[in-house]
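Chemist: Quick one: structure below, then a few questions.
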Amino acid sequence: MSKWLRKLPGYQVYEPGLERKVLHEFPQFVVIGSLALALPSLLSRLLLFAKAQRMIDILVISTEIFFLGMALTLTIAALIRAPLT
């Protein structure tokens, strides 16, 4: 099994780059993204009737869950990729 865990010949180590940027900007990305996704729900409260508001709320919540899941996935990938120094 150990032969499967060896690095390939010619493997090069690179300095951290994009991973650090992703980890640094993650909190701002999540806050701004969540607020942007909540905007249709807030606008529907001002402009539409109750049945349309409920439907928009369901769509906004499902989109928010998807967004947070994808953001968390990218962050975990950046944590795995970034060296701990």
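Just so you know, we're using the numbering used here here: the sequence shown kicks off at 2 and counts up by one. All C-beta atoms, glycine included, are put in the ideal place defined by N, C-alpha and C. No experiment lies behind these values; they were computed from the predicted model shown.
1) Buried or exposed, going by whether 16 or more other CB atoms sit within 10 Å of the CB of S45?
2) Classify R46 as helix, strand or coil using the three-state DSSP reduction.
3) Would you report the Cα separation of S42 and K22, rounded to the nearest angstrom?
4) Is it true that the CB of E16 sits closer than 9 Å to the CB of S35?
Modeler: Reading from the atomic positions:
1) The residue you call residue 45 lines up with position 44 of the sequence shown. Burial check for S45: the Cβ neighbour count within 10 Å reaches 16 or more, so the residue is buried.
2) In the sequence shown, the residue the question calls residue 46 occupies position 45. Correct three-state label for R46: helix.
3) Against the sequence shown, residue 42 aligns to sequence position 41. Against the sequence shown, residue 22 aligns to sequence position 21. Cα to Cα, S42 sits roughly 31 Å from K22.
4) Locating residue 35 in the sequence shown gives position 34, where the first residue counts as 1. Locating residue 16 in the sequence shown gives position 15, where the first residue counts as 1. Cβ distance not < 9 Å, so S35 and E16 don't count as in contact.
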